[in-house]
RNA sequence: GCGCCCGUAGCUCAGUGCGGAUAGAGCACCGGACUUGUAAUCCGGAGGUCGCGGGUUCAAGUCCCGCCGGGCGUUCCA
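Residue numbers (my numbering): -2 to 657.
So this is what it looks like as structure tokens:
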């Protein structure tokens, strides 16, 4: 055996160390600061402990806290000490799995006697964890043959189940296990009393941790299977520094501040009356105006883009959904039927497509009519499971900006391409401008439509996405059996992704409904159908915009665009005159009288996020001017001629200028 | 659907641990006074089947059960 090993570092340089040197030795050899910061190492792309021995010729990188790998290791190690704390506090507790997730980690437990964690327990667990950290326990890795592993965890049935899965080489276990061989499992021992089954790697010792916070308790099924034991899950977040933790918590607060449910209530836009039912919003006058503005603009754009407008009822005989197939595979998500005296069943519609199809089928169609683009703000009802309804983003009653395009095979590519352009332009007009796309392709097993159609459609979607320079995530085999799909995701002002529009090809429904048109060859042909919704649902889009703008809707969407405040009662006539002028110009404006101090009225208007708050007093009456407080500006601008103000607001509205 | 948590005035919350007499506060609302030049004027008033139903108890906002509504989670994996 050679006396030295040579490894290559990320910068391309090489280091030679004595044989048997560990990753920690390498870090020390590079420099004392790195040695101190080092958490783990990556050898030939695989994350390992700092104590791992370096093989000769390997590519080695030292993992430090301020990296994705580093944070992941910190989170994983923090999950372990949480498990240790829980076992200390609840002797006999069983621990299942404790993986890393986005921004944090969780660990699943089963407490003795079927006990449950309460929110108060989090504080106890937290302080026990800090004791474990203060003890600076090492994470000692060991490898054991299967039977030895089973013996170590003889009172931990979940761990044993995992070990057996590893032994079987079960494919649900991460492939990394394979490098150890399925005959061996690894453990990490913190103390004699606490050993956990784990692939690793971990930080060298618990003293390296501490910037964490336990977030919440939740229930979760063992292995995600509803038929298995329900375990208690604790979620936490952990970071490399107090500052990073604080920044993360701040991001959460920011998201909370923007919560559309909260803003919707504060700004008196909508509510969810208990009397109506879960997931069924009602829009108040101010929210109604916002919707009106959103919908009107959408309608205008659809007219310009060559759509026809159709209307369809909210209920229909069940037979329509039998013909469409919805009742076969979608019944769970539908409201149950109502039965009339003669026994006929009716369903509230969960989708608009069958109606649009009937419009198409209402008479014989010629190829000259295609493409036909039918648009409807169609209200649909879906029986979402009670646990999933959430604000406006997941509701049981919603209005889709739904359209179905019927076209020939030859027109398909052109339609898809112009459609995607249309979607992106329209979403931009509403103020979203950071997009990425997800393309779901043909599922492996079964699919309707011929391969040629699938391939062609998929290719068009792909090329349009790429041509636009947009990020494209491929969801290989993730399409529905009836056609490929592209979904447009938008990132909002604080970087969160929302799924917005979907464009879905459908090779199935035209077939089920026997749709056809007469081609130039005087023969019957089957049209291709494209389903698409740009907002998804008006309600959801409303919620997304509200969060995106943190309630500061751009002027063109604001429920009240201008509020005029007279300084004293005797300024009211002038204020009213200004308001009348603004209303004549087509703006949403109002006067508030002077029965309260100006400061109070300004404050209220600002809290209500009115984009333009005008103050008029003696000087303005004399000069035909207004004092302008623009939302987002600290200082008012005095003495602005009314004409100038009208011009300003007009420009804001016409350009659909983004809110400050 | 399931698990945990929550539901008190229009809103935000106190009171619930350990059951005890007319259930409190701030904001909002209504009335009056103040006549205001840029983020909370003063005084007064009204407002509650303590989510709903059932149970335990001499006594229930408080304890138990069911339902309704809401929040969070159900991020495949040692």
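From the three backbone atoms N, C-alpha and C, an ideal C-beta is built for every residue, glycine too. Quick caveat: nothing in here was measured; it's all calculated off a predicted structure.
- With respect to residue 505, residue 479 sits close: the two C-beta atoms are nearer than 8 angstroms.
- Boundaries of the alpha helix (DSSP H) harbouring residue 543: 535 to 545, taken from the DSSP string.
- Ranked by how close their Cα comes to the Cα of residue 445, the residues 294, 360, 507 have 507 in first place.
- The three-state secondary structure of residue 382, taken from DSSP, is coil.
- Under the three-state reduction of DSSP, residue 418 is assigned to helix.
- The shortest CA-to-CA distance from residue 431 to any of 655, 489, 37 is the one to 489.
- A straight line joining the alpha-carbon of residue 125 with that of residue 10 spans about 44 angstroms.
- Remark: three or more beta-carbon pairs, one from each stretch, lie closer than 8 angstroms, so the stretch 555 to 566 and the stretch 584 to 596 are flagged as touching.
- With contacts defined as CB atoms closer than 8 angstroms, residue 348 and residue 403 fail to qualify as a contacting pair.
- Its Cα nearest to that of residue 466, the residue 417 stands out among 447, 533, 385, 417.
- Boundaries of the beta strand (DSSP E) harbouring residue 559: 559 to 563, taken from the DSSP string.
- Straight through space, the alpha carbons of residue 385 and residue 503 are spaced by roughly 27 angstroms.
- DSSP, reduced to helix, strand and coil, places residue 124 within a helical segment of the structure shown.
- Look at the stretch 339 to 413 and you find these whole runs of alpha helix (DSSP H), each 4 residues long or longer: 350 to 358.
- Going by beta carbons, residue 47 and residue 35 fall inside the 8 angstroms limit.
- DSSP lists 15 as the beta-bridge partner residues of residue 1.
- Under the 8 angstroms Cβ criterion, the stretch 457 to 465 does not count as touching the stretch 347 to 365, having fewer than three qualifying pairs.
- In chain order, 83, 84, 106, 107, 108, 109 place their CB closer than 8 angstroms to the CB of residue 90, counting only its own chain and leaving out the 5 sequence neighbours on each side.
- The DSSP-derived three-state label of residue 64 is coil.
- Counting every other CB atom within 10 Å of its CB across the protein chains shown gives residue 224 a total below 16, marking it as exposed.
- One Cα belongs to residue 472, the other to residue 645, and the distance between them is close to 46 angstroms.
- As DSSP reads the structure, residue 626 sits in a beta bridge with 610.
- Distance from the CA of residue 25 to the CA of residue 14, rounded to the nearest whole angstrom, comes to 11 angstroms.
- DSSP places residue 431 within a strand segment (E or B) once states are collapsed to three.
- Judged by DSSP in its simplified three-state form, residue 529 adopts strand.
- Residue 143 carries a helical assignment under DSSP once its states are collapsed to helix, strand and coil.
- Under the criterion of beta carbons closer than 8 angstroms, residue 390 and residue 540 qualify as touching, at roughly 5 angstroms.
- Residue environment for residue 371: buried (at least 16 other C-beta atoms within 10 angstroms of its C-beta).
- The continuous stretches of beta strand (DSSP E) do not include residue 451, which lies in the alpha helix (DSSP H) extending over residues 448 to 464.
- Around the beta carbon of residue 519, fewer than 16 other beta carbons sit within 10 angstroms, so the residue counts as exposed.
- Shortest Cα-Cα distance from residue 86 to any of 7, 544, 114, 512 involves 114.
- Taking one beta carbon from each stretch, the stretch 198 to 207 and the stretch 126 to 139 have 3 or more pairs nearer than 8 angstroms; the two touch.
- Here the alpha carbon of residue 198 sits roughly 52 angstroms from the alpha carbon of residue 555.
- By the Cβ test, the stretch 510 to 519 is in contact with the stretch 357 to 365, since at least three Cβ pairs between them sit closer than 8 angstroms.
- Rounded to the nearest angstrom, the gap between the Cα atoms of residue 325 and residue 314 is 15 angstroms.
- Spanning the alpha carbons of residue 388 and residue 60 requires a straight line of approximately 41 angstroms.
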